[in-house]
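Count the sequence shown with mature numbering (1 follows the signal peptide of the UniProt record, and there is no 0) and you get residues -22 to -1, 1 to 590, in order. Glycine included, each C-beta is placed from N, C-alpha and C at the ideal position. These numbers were taken from a predicted model, which means no experiment stands behind them.
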Amino acid sequence: MNCLFTLSVILFFGVVSLPAIAEPVEDKQALLDFLHNIHQSNSLNWKQSSSVCREWTGVTCNGDQSRVIALRLQGEGIQGPIPPNTLSRLSAVQILSLRSNGISGSFPSDFSKLGNLIDLHLQFNNFSGPLPSDFSEWKNLSIIDLSNNGFNGSIPNSFSNLTHLTSLNLANNLLSGFIPNIEIPSLQSLNLTNNNLTGSVPRSLLRFPSRVFSGNNLSSETALPPAFPPEPPRKNKKLSEPAILGIVLGGCVLGFAVIALLMVCCYLKKDRRGGLPTKSQKREGSSKKNTLKSQEKSNRFVFFEGCSLAFDLEDLLRASAEVLGKGTFGTTYKAAFDDATAVVVKRLKEVPVVKEFEQHMEVIGSIRHPNICALRAYYCSKDEKLTIIDYYEQRSVSAMLHDTIGEGRIPLDWETRLRIAIGAARGIAHIHTQNGGKLVHGNIKASNIFLNSEGYGCISDIGLAALMSPVPPSVMRAAGYRAPEITDSRKATHASDVYSYGVLLLELLTGKSPIHSTGGDEVVHLARWVHSVVREEWTAEVFDVDLLRYPNIEEEIVEMLKIGMSCVVRMPEQRPKMTDVVRMVEDVRRGSTENPPSSETNLEISVSNPTP
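Structure below.
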């Protein structure tokens, strides 16, 4: 009987595990053929012996792992033309992103076999030649970004057959001829700047702002929707007195408008609250005018997939700006446009290398996760580097914990704090899987965490620390989140991210800032203070008094405290991996529903290896 039971268990788990080890054999071979026939400066971890769905960089499979549905190889150093009959065999692929490489040659003709494509991103490569004349093969396409290449010839009329198209970016190519009449109601984003297009803008596209057509040879009369219908030409006709009077009055109005505009510009220049870059700041030096013209021509906002925003630096300068905070790496603003759209702009300081910044932004801009604040766009010139993310109506977790004081204070309940901890852990763990497992956040703190639409933690400012000039250790330690082994802000690690997350947990549990006063003149680190309290004996002094009002959460907060203290141990190799942290914090919630808390809870935490 026991043997029969054992055999049944083996068969059961064998059957259950079969789908888990399934591999899309044909898709895997297509990718290997692609890999073996390209020139690549980076080293992809694609091996015949490893799982294409679970281990290969940039590859995403469907639920039963039978097909590859997404391939994201942005910034992987791929050079030369795409080998024929390789990627075109991925007939189930829906998202194809090869942006920011050195791919050359013509648009792959065999891509017509990719009939399930939804998103196509080939921007920032060296493609050349004409675009395919018939885009009808990709009837499901929603996003097309072919910008910053060398495509020439005309824009195909077949774009108008893509009834699901929402975003089309053909900027910075060598396209010529007329702009076709693209009547697609779903089209929300369009960019045709800096080509050799001629003629006029079709009526179907006049709903887009004029900036999306700039840098072409379009007819000035029809390039923009006219404010007034043109008057018929007058031949040798003497102006009447009313006409002369109208001209005089019009001139006066125009003069007053110019004066008012100059006053507004002067006011904005003096207003230091907003602090966004102004034109005058870019016109210093002997070559002021030429320098500005060069910057405006070669440096524009780069928008990422899924972004419905469309603006340029001029629009941003005209937007109302409000300072949200000043940090080690720059100043953060809320910018509100006339259409009520609001974004968060971070103006970075001391970013030494332009190319490295652009490459890093391309990596960050490709990340999409419910617990990560998506990078929507960036701006890069020699003198200015800006990042754009969504504006969250609710303030940062730091503000929720520490800035709401007085009679109107609304303390964070335990459920909210638990969701913040779970969401932040999930976001950081996902970051650690990006860029071949080499990406590090480097600046995890409560002021960089917000709440997503479901109330879970959502983390921002990914990887900026690695780009900045070195920060002195005294400044780094002042924030209280830095791991003790990190002396250079550019050399953060996964383990140091875990330490910073541990401090965040302690902050959520205690309600105290990472650096705080104990009542006297002494200022202590939160992690050190918690260790000292726990070392002596169990005491309720550790936890935020606002938490102690909630019944039946003792076991949960104690378990969360154990997790936090395991993250802030001194030795990096003794800290848990972020994936393990996610599992532990999620188990806290599951345990609270499965096992009702007891009336007495003992704290048993090892403090033999406290943080300094």
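Please go through the same chain and pick out, in chain order, the residues whose beta-carbon is closer than 6 Å to the beta-carbon of residue i, but skip the five residues on each side of it.
i: L162; result: It is worth fixing the name first, because residue 162 is Ile in this sequence and not Leu. Excluding residues within five positions, the ones whose Cβ falls inside 6 Å are L143.
i: H410; result: H472 and M556
i: S218; result: Confidence is the limiting factor: at S218 the pLDDT is only 49, short of 50, which leaves the residue's position unreliable, though a coordinate-based value still follows. So the list is empty, once near-sequence residues are dropped.
i: K327; result: G308
i: I73; result: A48 and D97
i: W34; result: W24
i: L526; result: none
i: D524; result: P389
i: C31; result: C39 and Q43
How far does the beta strand (DSSP E) with residue i in it reach, from first residue to last?
i: H14; result: That residue, H14, is in no beta strand (DSSP E); its alpha helix (DSSP H) goes V3 to H14.
i: C106; result: Reading off the sequence, residue 106 comes out as Ser, not Cys. Where S106 is concerned, the enclosing beta strand (DSSP E) stretches over N104 to P108.
i: K363; result: K363 to D368
i: L168; result: S167 to N169
i: A48; result: V46 to R50
i: S145; result: S145 to N147
i: I162; result: From DSSP, I162 is part of no beta strand (DSSP E); its letter is neither H nor E.
i: residue 592; result: Outside the displayed span of the chain (-22 to 590) sits residue 592, for which this structure offers no information.
i: S82; result: G80 to G83
i: S75; result: I73 to S75
What is the residue span of the alpha helix (DSSP H) that residue i lies within?
i: E393; result: W392 to I409
i: I121; result: Counting along the chain, I121 falls outside any alpha helix (DSSP H), though it belongs to the beta strand (DSSP E) covering I121 to D123.
i: H99; result: Taken as a continuous stretch (DSSP letters only), H99 belongs to no alpha helix (DSSP H), being part of the beta strand (DSSP E) at D97 to H99.
i: Y477; result: H472 to T488
i: I422; result: Here I422 belongs to no alpha helix (DSSP H), and DSSP marks it neither H nor E.
i: G36; result: Counting along the chain, G36 falls outside any alpha helix (DSSP H), and DSSP gives it neither H nor E.
i: L525; result: No alpha helix (DSSP H) holds L525; DSSP gives it neither H nor E.
i: L539; result: E532 to C545
Three-state secondary structure (DSSP) at residue i?
i: F335; result: helix
i: H347; result: coil
i: A443; result: helix
i: C31; result: coil
i: V280; result: strand
i: A461; result: coil
i: A505; result: helix
i: S431; result: coil
i: A377; result: helix
i: F137; result: helix
i: F186; result: coil
i: Q57; result: strand
i: L65; result: helix
i: R251; result: Note on R251: pLDDT 40, under 50, position unreliable in the model; no value is reported.
i: I157; result: coil
i: T195; result: The amino acid at residue 195 is misidentified as Thr; the sequence shows Asn. Strand, per DSSP.
i: G415; result: helix
i: S90; result: helix
i: S178; result: coil
i: Q26; result: coil
i: R548; result: coil
Please classify residue i as buried or exposed, where buried requires at least 16 other C-beta atoms within 10 Å of its C-beta.
i: M538; result: buried
i: Q52; result: buried
i: L165; result: buried
i: K363; result: buried
i: L119; result: buried
i: G36; result: buried
i: V3; result: exposed
i: E371; result: exposed
i: M339; result: buried
i: S188; result: exposed
i: K333; result: exposed
i: E532; result: buried
i: Y477; result: buried
i: P86; result: buried
i: D361; result: exposed
Between residue i and the rest of its own chain, which residues show a CB-CB distance below 7 Å, the 5 nearest in sequence each way excluded?
i: G433; result: T394 and R397
i: H347; result: G405 and H408
i: N214; result: Legend: pLDDT at N214 = 42, less than 50; position of this residue unreliable, value from coordinates given subsequently. Nothing listed; no residue qualifies.
i: V329; result: F335, K363, L445 and M446
i: F89; result: S66
i: R455; result: For R455, the predicted model reports a pLDDT of 43, less than 50, meaning its position is unreliable; a value from the coordinates is still stated below. Excluding sequence neighbours, R455 sits near nothing in its chain.
i: R355; result: It is Ala, not Arg, that sits at residue 355 in the sequence shown. Result list for A355: F279, V280, F281, F282, C285, L287 and I366, in chain order.
Who are the near neighbours of residue i in its chain, counting only those whose CB is closer than 8 Å to its CB and skipping five residues on each side?
i: T64; result: A8, L9, D11, F12 and N15
i: N174; result: L152, L153, S154, N194 and N195
i: N103; result: L76, R77, S78, N79, G80, I81, S82, N126 and N127
i: D368; result: V321, V322, C351, A352 and R354
Which ranges would you report for the beta strand (DSSP E) in the segment 282 to 329 if only whole runs of at least 3 residues count?
-> 298 to 304, 308 to 314 and 320 to 326
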